[in-house]
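These notes are about the structure you will find just below.
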Amino acid sequence: MSDEQRNAIPLRISGNGEGERADAARNRRLLLAAAKQLIDTHGAAAVTMDAVAAAAGVGKGTVFRRFGSRSGLMHALLDHSESELQQAFLSGPEPLGPGAPPLERLVAYGRERLKLTADHLDILLEAGADSGEFMTHPVWRASTVHVQILLRQMGFADQIEAAAIAVQAPIGASAVSHLVNVVGLDIAVIGDQWERMVRTLAAGAADR
4 MSDEQRNAIP LRISGNGEGE RADAARNRRL LLAAAKQLID THGAAAVTMD AVAAAAGVGK
64 GTVFRRFGSR SGLMHALLDH SESELQQAFL SGPEPLGPGA PPLERLVAYG RERLKLTADH
124 LDILLEAGAD SGEFMTHPVW RASTVHVQIL LRQMGFADQI EAAAIAVQAP IGASAVSHLV
184 NVVGLDIAVI GDQWERMVRT LAAGAADR
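According to this note's numbering, the residues represented by the sequence shown are 4 to 211, in order.
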């Protein structure tokens with residue numbers, strides 16, 4: 004088992020559905036898929052209980068019984084999205100998954116991490132996702148191990164702990180909130196700037 008696999012522990016803010024009946028688990032997957040499609044198509048603001056029910060083809064009461072509230076739904080979707088991202092970088096297709104050059108994998112990972120951050124920004128801020136305490140959370144640990152492995156493969160030698168934090172910081176919740184709400188950047192621009200930074204770091208490592 005690789006370091007990445009040992010540290011791949013998905014975020015669990017809400018119940019993860021373990022021990023569910025088959026029909027309840029099926030409803031959960033259906034509702035989460037509908038919510039994710041709404042985010043991908045229209046943004047997080049479009050995820051209402053009514054909209055998810057309509058997209059999933061169920062009654063609104065089903066959504067409320069399963070998640071309790073919009074907040075409960077969004078927390079469950081964050082759990083689901085985090086788990087999907089981890090599976091994608093561990094065993095998914097290139098460039099996010101194994102097989103692509105490490106720099107391209109890091110760029111793909113950062114883009115996906117930024118999208119997840121933007122999609123769930125309010126929940127991540129509420130959970131203190133950039134606090135010192137969160138840096139000991141399994142989600143941060145899994146992300147950091149993955150980034151460190153890619154940095155080593157890119158030519159960074161020893162003492163890469165600070166570099167791994169520097170790579171992740173601009174796509175964390177607090178930084179994204181500041182860049183969007185204070186500086187006025189959109190997510191695409193943040194992603195482009197972050198990618199330029201990472202490629203510059205990689206070029207410096209290659210020149211050493």
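Idealized CB from N, CA, C, for every residue including glycine.
- Judged by their CB atoms, glycine 100 and phenylalanine 92 are nearer to each other than the 8 Å cut-off.
- In this model, alanine 145 and valine 61 are separated by some 35 Å (Cα to Cα).
- When secondary structure is reduced to three states using DSSP, leucine 127 falls in the helix class.
- Within 10 angstroms of the beta-carbon of valine 186 lie fewer than 16 other beta-carbons, which makes it exposed.
- Exposure of threonine 203 is indicated by the presence of fewer than 16 other C-beta atoms within 10 angstroms of its C-beta.
- Excluding five sequence positions before and after glutamate 97, the CB atoms of its chain that fall closer than 7 Å to its own CB belong to Ala103, given in chain order.
- Taking glutamate 107 as the centre and dropping the five residues before and after it, the same chain places the C-beta of Pro98 closer than 6 Å to its C-beta, in chain order.
- CA-CA distance, methionine 157 to alanine 205, rounds to 7 Å.
- In terms of Cα proximity to alanine 58, the closest of Ala48, Ser72 and Leu33 is Leu33.
- Separation of threonine 44 and arginine 68 (C-alpha to C-alpha, rounded to the nearest whole angstrom) is 25 Å.
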